[in-house]
Amino acid sequence: MAKKLEQFTGSGTFPKGIHPPERKHFSADAPIEVVPTPKEVLLPLQQNIGAPSKPLVKPKQEVEYGDLIADNEEAPISAKIHSPIFGVVQKMAVTTLPNGRHMQAIRIKAAGRQFTDEENYRELMGGKWPKSVVGYDPDEVTRAIHDAGIVGLGGAAFPTHVKIAPISLRVDTLLVNGCECEPYLTADDRVMRDIPDTIISGALLSRFAMGLKDIIVGIEENKPRAIEAIRKSAAGTDIKIAVLKTKYPQGSEKHLIKAVLNRVVPLGGLPADAGVAVSNVTTISAVARAVFRGMPLTHRVVCVTGGGVVQPKNLLVPIGISYRELIEFCGGFTKDAARILSGGPMMGFSFSDLDMPLTKGTGGVTVLTHDDIKKQKETACIRCGRCVDVCPMNLVPARLGLASRHGDLAMAEKYRIRGCVECGCCAYACPANIPLVQLIRMGKAQIAAKR
Amino acid sequence: MSETTSEKQSANDATRDVPVIQVGHSPHIANVSFTSRRMMIDVLIALLPVAAMSIYIFQLYAVKQMAICLAACLLTEAVFVKMRNHSFSLTDCSAAVTAVILGLSLPATAPWYVGVIASVVAIGIGKVIFGGIGMNLFNPAMVGRAFVMIAFAGVMAASGYESMHTGIDAITQATPLNAFKQMGISTSLKDLFFGFTNGSLGETSALACLIGGAYLCIRRTASWEIPAGLIAVVLIMGGLADIMGNASDWTVIHHLFSGSLLFGAFFIATDPVSSPITAKGKFIFGAGIGFFIMILRFFSGYPEGVMFAVLLMNAVTPLINRWTIPKVMGE
Chain U
23 MAKKLEQFTG SGTFPKGIHP PERKHFSADA PIEVVPTPKE VLLPLQQNIG APSKPLVKPK
83 QEVEYGDLIA DNEEAPISAK IHSPIFGVVQ KMAVTTLPNG RHMQAIRIKA AGRQFTDEEN
143 YRELMGGKWP KSVVGYDPDE VTRAIHDAGI VGLGGAAFPT HVKIAPISLR VDTLLVNGCE
203 CEPYLTADDR VMRDIPDTII SGALLSRFAM GLKDIIVGIE ENKPRAIEAI RKSAAGTDIK
263 IAVLKTKYPQ GSEKHLIKAV LNRVVPLGGL PADAGVAVSN VTTISAVARA VFRGMPLTHR
323 VVCVTGGGVV QPKNLLVPIG ISYRELIEFC GGFTKDAARI LSGGPMMGFS FSDLDMPLTK
383 GTGGVTVLTH DDIKKQKETA CIRCGRCVDV CPMNLVPARL GLASRHGDLA MAEKYRIRGC
443 VECGCCAYAC PANIPLVQLI RMGKAQIAAK R
Chain F
1285 MSETTSEKQS ANDATRDVPV IQVGHSPHIA NVSFTSRRMM IDVLIALLPV AAMSIYIFQL
1345 YAVKQMAICL AACLLTEAVF VKMRNHSFSL TDCSAAVTAV ILGLSLPATA PWYVGVIASV
1405 VAIGIGKVIF GGIGMNLFNP AMVGRAFVMI AFAGVMAASG YESMHTGIDA ITQATPLNAF
1465 KQMGISTSLK DLFFGFTNGS LGETSALACL IGGAYLCIRR TASWEIPAGL IAVVLIMGGL
1525 ADIMGNASDW TVIHHLFSGS LLFGAFFIAT DPVSSPITAK GKFIFGAGIG FFIMILRFFS
1585 GYPEGVMFAV LLMNAVTPLI NRWTIPKVMG E
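Taken in order, these protein sequences are the chains called U and F.
Remember, the working numbering sits 22 above the position in the first sequence when you count from 1.
Remember, the working numbering sits 1284 above the position in the second sequence when you count from 1.
Shown next, in the form of C-alpha cells:
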C-alpha cells in the first residue's frame, strides 16, 4: 500500500472495496453508433439534482432541434432542457423514472426533416476540437455550460454550471473521472476511446473557467485502450493521466480523490473541501461541445449491455428516447432476460416499464439474466465481518442494517449511517444475503422523516 | 422487509419471447460462491486433517466420540428449533460444526453420556435459547464442554484422560501439559508437533491444526486476525517467561504446540458469531484469549486454559465491538 503512484501523491487505489466480475466484454468492443431519430421523445421536467424546470412551450407548438423547451430562472440549481429533434409539442404527459420519481414531462412528436445519423455524428462528435482556450473568458464558458443545460452525466446529474464556475474556494485540481468502475458499463470507456479530443478540450476549458492549476484524468487499468487514446490526445498539454487499480467503487469521487491525491473529503463535505473538483469524462466532453459548437445537451452516449440483450452496443442517443427503442435497436431481449437496469448492477435501478424515457444522467442500460440474479435466501447474520472488510467508507454495515431494521435510529446515527454512499459492496459480499443497502436506505429515510 | 423482488409480467411486444422481468433493489449481483453455509462447510473441510489425525491416534474412541456428538447435536437442534416454532433446517451445517468441534475437544475415554449431555447443553442452552445461529453470546461448543467439565470433573479433569485399560499407547500416558505440571516431565517437540501424545481428541497434533487453520484463513472463512493476535501474545508472554524464568525444559514453543492452543486459535476462537466484527476488534479478542491462556497455564490449578479463555473473551465481545467502531472515511 505504501507504493506511490508515479507523479501523484495518492497510492493509485483506496482501502477496502470489492472485485466484482467486470463483464465489460459484452459491449467494450462496439464503437459508438448513432441511433436514428425516434418518432417521439419524452422529456421529464426534472433530470437533475435541484429544482425542476418549467415548460416554455405549449402543445401543438413546433420546435426545432436544440430549442430551449423548459427552464427555471429563479432556481440557481436547475438545468435547462432542449429538444433533441425537430417536431411538434404534444399534450403534457406524466412519467415515472426508474428511480421511482414521478413527474411531468414534455412529449415531442418528430415532424419534418431530421438530421441523418452522419450529420448527428459529425455535429456532436466529429471534426477538430481545439486544445486552446484563447479568445474565451471564464464567464463565457460557464454561461455556455448553463445555456446547454449540462448536468453531471456520471449519474448524479448535478447541474454542471454550478460546479464549473469561477470559484473562490481553495480548489486547485480538476479530476476528470474516467474510472467507470460499475461492472458491465462501457459508455465512458468508449467516449475516451472514440472521441478523446472532446475530453481534453473540455477539460482545458473547465480548468480555465474555474481558474485551477492541474488537470488529472483518472482511469482504471482495465481500460488500456482508453488510457492510450487519452494519453495520445493529451500530448502537448500539461494534463496528467493517473492509471488506477481496478477496484469497485474506484469511480466514487471520494475514493478517486483518495486514490489519486491521497486527500480525504470530510464526512458530509464536498470534493471542494478537499481542494478538488471532480467531473465525469462524458460531462467534460459535453462541455467542449457546448462551448466550441454552441450545442446544448440533447444527446448522450449510452451503453446497452448484459447477457439479456441480443446485441450489446454503445449508442449516441437523443435524451428522452424510450428504453424500448434502445433495447429494440440492440436486437431485443434474449429469452433469459430477467432484470432491466437503468445503470449498472451495483447501483442501478431496476424497472419494468419500457416506455420510460432515458434521462440525462443515465449512461447505461444493463439487462441481467436469470443466472446473474440467482438470489439465495436471506439467513441470519453470523457477524462474520465481511461487510466491514469491504466497506470503502469504513462503516459497520451489519450494525447499520440491524439498527435500521429495528428502527433504532440512535444506534444508526452512532454508527454514522449518513456516511453510507450505498455502493453495495456490503450486500455483494454478505454471506447471509442480507439486503444491507436496502435496510440502510430505509434507516436514512426514517431519520430524514423524523427531522 | 426482506425480499422486495416481485415478478412482473411485461407483456411488451419488444420482448419477443416475453421473458419474465423482475424488479429488485441494488446491488443486483452478489458473491454467491461465499455463503454462510459454505463457511460452515469450509470449517468441516478444515477439520478433516484434525479428525483424521485423532482417528489415527485414538482409533475407535475418536470415531465414537464424534458420532455421539454429531447425533446428539443434530437431534437437539431439531428438537429445540421445533419447540421455538422456528422453521429453519439443519442444512446450514452450523450444528454439525459445533458437534465436531465439541467431539474433538473431549477426552478419548469419556463415557457416552458425557458427549450427549455436552451436546444438549451446547446446542440447546449455548445456542438455541439465545435465539439460534447468529445470536449466541458464547461459543456453543465451549459452553457444552464447560458444563460437563464441571459436572463430570472426574472424567474431564487431567487425570480423566489417562486410562490403563486400553490397547492404545497414547491414552496410557498423562497429557503433556499435565505431565509437566505435576511431574515436571517435558514432552519432545516432535511428538507435540505431529501429535503422538495424549489429550483431547483434536488437540494433539499441531501440524493438523496448522494445515486446517491455514485453509480457513486463506479462504477468509476464519479471520486471520484472531489466531494472529492469540499466537503473538502467547509468544510474547511465553518468551518473557523463558527469559526471566528458571531454565525450564518447557519453552514457549512447547506452550504453542501443546494442549488445545492451536486447535483453539484456529477452530474455536474464530467462531464468527461470538467474536468481534471489526478487524481491530478481532485482533484484540485473539490477544485477550492468548493472555488468559497463559495466565491460566502459569498460575491456575488447571493445566490448560483455552476453554475458559475463550468463554471469558466471548463475554467481552460486545464491549470490544463498542470500543472498536471504526472511524468513517472523512471523519
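Idealized CB from N, CA, C, for every residue including glycine.
These numbers come from a predicted model, not from an experiment.
- Query: Among residues of its own chain, excluding the 5 on either side of residue 37 of chain U, which ones have a beta-carbon nearer than 6 Å to its beta-carbon?
  - Reply: Same-chain partners within the cutoff: there are none.
- Task: Please confirm whether residue 54 of chain U and residue 311 of chain U have their CB atoms less than 8 Å apart.
- Result: For the 8 Å CB-CB criterion, residue 54 of chain U and residue 311 of chain U do not form a contact.
- Message: Give me, in chain order, the residues of the same chain whose beta-carbon lies closer than 7 Å to that of residue 1469 of chain F; leave out the 5 immediate sequence neighbours on both sides.
- Response: Excluding positions up to five away in sequence, the list reads 1463.
- Message: Less than 8 Å between the beta carbons of residue 1567 of chain F and residue 1513 of chain F, yes or no?
- Response: With contacts defined by Cβ atoms closer than 8 Å, residue 1567 of chain F and residue 1513 of chain F form a contacting pair.
- With 16 as the cutoff for other CB atoms within 10 Å, does residue 121 of chain U come out buried or exposed? With fewer than 16 other beta carbons inside 10 angstroms of its own, residue 121 of chain U counts as exposed.
- Can you check the region 143-208 of chain U for any beta strand (DSSP E) of at least 3 residues that lies completely inside it and give the ranges in chain order? For the region 143-208 of chain U, whole beta strand (DSSP E) runs of length 3 or above, ordered along the chain, are 195-200.
- Pull up the distance between the alpha-carbon of residue 79 of chain U and that of residue 127 of chain U, whole angstroms please. Distance between the alpha carbons of residue 79 of chain U and residue 127 of chain U is about 12 Å.
- Using the Cα positions of residue 1433 of chain F and residue 1411 of chain F, report the straight-line distance between them to the nearest angstrom. One C-alpha to the other measures close to 18 Å.
- Would you mind working out which of U:144, U:188 and U:177 sits nearest residue 164 of chain U, comparing C-alpha positions? Out of U:144, U:188 and U:177, U:188 has the C-alpha closest to the C-alpha of residue 164 of chain U.
- Query: In its own chain, which residues sit with a C-beta less than 6 Å from the C-beta of residue 1563 of chain F, not counting the 5 before and 5 after it?
  - Reply: Within the same chain, residue 1563 of chain F has close Cβ partners 1509.
- Indicate whether at least one CB of chain F lies closer than 8 Å to the CB of residue 192 of chain U. For residue 192 of chain U, the answer is no, since every Cβ of chain F falls outside 8 Å of its Cβ.
- Task: Just the C-alpha distance for residue 28 of chain U and residue 237 of chain U, rounded to the nearest angstrom, thanks.
- Result: Near 15 Å, if we compare the C-alpha coordinates of residue 237 of chain U and residue 28 of chain U.
- Task: For my contact list, residue 252 of chain U and residue 265 of chain U are in at a C-beta cut-off of 8 Å; report their separation, rounded to the angstrom.
- Result: That belief does not hold up - the Cβ atoms of residue 252 of chain U and residue 265 of chain U are roughly 10 Å apart, past 8 Å.
- Query: Would the beta-carbon of residue 415 of chain U fall within 8 Å of that of residue 441 of chain U?
  - Reply: Cβ atoms of residue 415 of chain U and residue 441 of chain U: closer than 8 Å.
- If residue 383 of chain U and residue 179 of chain U are in contact, beta carbons under 8 Å, what's the gap, nearest whole angstrom? By a beta-carbon distance limit of 8 Å, residue 383 of chain U contacts residue 179 of chain U. Their separation comes to about 4 Å.
- Where does residue 280 of chain U land, buried or exposed, given buried means 16+ other C-beta within 10 angstroms? Classification for residue 280 of chain U: buried.
- Taking residue 1320 of chain F as the query, report the chain U residues whose CB atoms sit under 7 Å from its CB, ordered along the chain. Simply 401, 404, 453 and 454.
- Query: From residue 282 of chain U to residue 33 of chain U, what distance separates their C-alpha atoms?
  - Reply: Cα to Cα, residue 282 of chain U sits roughly 7 Å from residue 33 of chain U.
- Task: Flag residue 1602 of chain F as yes if its beta-carbon sits less than 8 Å from any beta-carbon of chain U, otherwise no.
- Result: When Cβ-Cβ separations below 8 Å define contact, residue 1602 of chain F makes no contact with chain U.
- Task: For residue 288 of chain U, go through chain F and note every residue whose CB falls closer than 9 Å to its CB, in chain order.
- Result: The contacting residues are 1614 and 1615.
- Message: Using CA atoms only, rank isn't needed, just tell me which of U:316, U:418 and U:390 is closest to residue 1304 of chain F.
- Response: Closest in alpha carbon position to residue 1304 of chain F, among U:316, U:418 and U:390, is U:390.
- Task: For chain F, find out if any of its Cβ atoms is closer than 8 Å to the Cβ of residue 23 of chain U; answer yes or no.
- Result: Bear in mind that the predicted position of residue 23 of chain U carries a pLDDT of just 42, short of 50, making it too unreliable to give a figure here.
- From which residue to which residue does the beta strand (DSSP E) around residue 350 of chain U run? Counting along the chain, residue 350 of chain U falls outside any beta strand (DSSP E), though it belongs to the alpha helix (DSSP H) covering 345-351.
- Item | Unbroken stretches of the alpha helix (DSSP H), 4 residues or longer, contained in the region 42-97 of chain U | List check, alpha helix (DSSP H) in window: nothing returned.
- Message: Between residue 459 of chain U and chain F, is the shortest Cβ-Cβ distance under 8 Å, so that the two count as touching?
- Response: At least one CB of chain F lies nearer than 8 Å to the CB of residue 459 of chain U.
- Mind listing the chain U neighbours of residue 1348 of chain F? Cutoff is C-beta to C-beta under 7 Å, in chain order. Chain U residues near residue 1348 of chain F: none, gap ~30 Å exceeds 7 Å.
- Item | N- and C-terminal bounds of the beta strand (DSSP E) containing residue 1374 of chain F | Secondary structure note for residue 1374 of chain F: it is in no beta strand (DSSP E), with a DSSP letter that is neither H nor E.
- Does DSSP put residue 1554 of chain F in a helix, a strand or coil? Looking at residue 1554 of chain F - three-state DSSP - the assignment turns out to be coil, as it is neither helix nor strand.
- Item | Where residue 1345 of chain F sits in the DSSP three-state scheme | The three-state secondary structure of residue 1345 of chain F, taken from DSSP, is helix.
- Pull up the DSSP beta-bridge partners for residue 1601 of chain F, would you. For residue 1601 of chain F, which the question treats as bridged, DSSP gives no partner whatsoever.
- Spatial distance of residue 411 of chain U from residue 262 of chain U (CA atoms): Take the alpha-carbon of residue 411 of chain U and the one of residue 262 of chain U: they are about 32 Å apart.
- Within 10 angstroms of its Cβ, does residue 388 of chain U collect 16 or more other Cβ (buried), or is it exposed? When all chains shown are included, residue 388 of chain U counts as buried.
- Message: Going by beta-carbon coordinates alone, are residue 1535 of chain F and residue 1500 of chain F separated by less than 8 Å?
- Response: One thing to note: residue 1535 of chain F has its Cβ no nearer than 8 Å to the Cβ of residue 1500 of chain F.
- Query: Between residue 106 of chain U and residue 397 of chain U, what straight-line distance do the alpha-carbon atoms span, to the nearest angstrom?
  - Reply: In this structure, the straight-line span from the alpha carbon of residue 106 of chain U to that of residue 397 of chain U is close to 40 Å.
- Message: Beta carbons nearer than 9 Å to chain F: which residues of the region 314-343 of chain U have them?
- Response: Listed by position, the residues of the region 314-343 of chain U near chain F (Cβ gap below 9 Å) are 330.
- Query: For the beta strand (DSSP E) that contains residue 242 of chain U, what are its first and last residues?
  - Reply: 236-242 is the span of the beta strand (DSSP E), which, as asked, contains residue 242 of chain U.
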